[in-house]
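For the protein sequence lines, the chains are A and B, in the order given.
Numbering-wise (this note's numbering), the first sequence opens with residue 1 and increments by one.
Numbering-wise (this note's numbering), the second sequence opens with residue 1001 and increments by one.
What follows is a set of notes on a single structure, which appears directly below.
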Amino acid sequence: DIQMTQSPSSLSASIGDRVTITCRAGRSVDNSLNWYQQQPGKAPKVLIYADSNLQSGVPSRFTGSGSGTEFTLTINGLETEDFATYFCQQSYSTPYTFGQGTRLEIK
Amino acid sequence: QVQLQESGPGLVKPSETLSLTCTVSGGSISSYYWSWIRQTPEKGLEWIGYIYRSGSANYNLSFQRRVTISVDTSKNLISLKLTSVTAADTAVYFCAREQTTSQWFFDLWGRGTLVTVSS
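And the structure:
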């Protein structure tokens, strides 16, 4: 199984800040890396797919980059609704695996 | 607008079989892969397996011997059965649609259903 490791596990930031979350894969997943946002009590929602593609309807302040084993999700100009938990997921090979999550909290 | 809704018992006894159904409304099951994913505080999000409309399935080996995913295209239903459950199977279970046109990702999720394993 490909292990996915996110850092940090939690992060405090203020409205308007720029934040970056990192996801590392145990081995190369090429560009098959997706990012999800999960609000408490709700299902995850895809933000970025295939490393850097913005899902339809997702604000452009979310960007993804990287390849191989290291990936980043950047949020430029945090808004209130962005405070949530973020997960990376590799779709390079089954079993699909997820990072443990990064909880983004308001400072 | 396509929606997914998980349903099934919220409480299952240890050693028994967990059975859940995902109803797909507002669209067709065709041309997508359909996964079951669960979430626990301890292990986070775990992919259990997926199925295609043909009935071809792929399971996470962590669940291989206990899991069966099936599809009923006439009723737009995807089902999950997990046998010999223990407390470790207590989780929120999601069904999710996987986009596979050029890249693979989960673009639609159900709201999830909490299943507790307890006597």
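We treat Cβ as the ideally placed atom computed from N, Cα and C, and that holds for glycine.
At a cut-off of 8 Å between beta carbons, A/Asn34 contacts chain B. When the beta-carbon positions are compared, B/Thr1086 and B/Val1117 come within less than 8 Å of each other.
When DSSP states are grouped into helix, strand and coil, A/Ala25 belongs to the strand group. The distance from the Cβ of A/Ala25 to that of A/Gln89 is about 10 Å, inconsistent with a contact at the 8 Å cut-off.
In the DSSP assignment, A/Leu33 falls within the beta strand (DSSP E) that extends over 33 to 38. Setting aside the 5 residues that flank it on each side, A/Ser28 is surrounded in the same chain by Gly68, Thr69, Tyr92, each with a C-beta closer than 8 Å to its C-beta; the list follows chain order. Any Cβ of chain B closer than 8 Å to the Cβ of A/Ala84 would place that residue at the interface, and such an atom is absent. Within the model, the alpha-carbon separation for A/Ile48 versus B/Pro1041 is close to 24 Å.
Three or more beta-carbon pairs separated by less than 8 Å link the segment 1071 to 1078 of chain B to the segment 1020 to 1039 of chain B, which places the two stretches in contact.
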